[in-house]
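J.: No gaps in the numbering here: position 72 of the sequence shown is 72 in full-length UniProt numbering, and each next residue is one more.
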Amino acid sequence: MTIHVVDIVHVLHTCPAEPEPHPYDTRRTVVHVIPGGPCRTPITVQSGVVVTQIPCHRHEPANRQCGACRTIITERSITTRHPNNGVAA
């Protein structure tokens, strides 16, 4: 299972069309990646006379992938910023 740890920053603003603060920019920063290792259940595929094995994450949906290929995203921190007190023009 590959784990991606991310920080998320939402930047809010207000404008004449919508006076309530609302997000206009969302940034995600990958802070750390913990690799899951090699595929435990590779898939055999054939194209003509060529037969090869590929990792299951390239062929199977997420619910049928092995533990090493499955991707988990963990949100370490979520920050909301409102950069100014004025109204956007």
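Quick reminder that beta carbons are idealized off the backbone N, C-alpha and C, glycines included.
As the structure is a prediction and not an experimental result, all values here were calculated from the model.
1) Following the continuous beta strand (DSSP E) through residue 49, name the residue where it begins and the one where it ends.
2) Do residue 39 and residue 21 have their C-beta atoms within less than 8 Å of each other?
3) Going by the CB atoms, is the gap between residue 32 and residue 43 shorter than 8 Å?
4) Could you give the C-beta distance for residue 34 and residue 73, rounded to a whole number, given that I count them as a contact under 8 Å?
5) Taking the C-alpha atoms as reference points, what is the distance between residue 52 and residue 70?
T.: Short version:
1) Here residue 49 belongs to no beta strand (DSSP E), and DSSP marks it neither H nor E.
2) Contact: no.
3) no
4) Not a contact, Cβ separation roughly 11 Å.
5) Residue 52 and residue 70 have their C-alpha atoms some 21 Å from each other.
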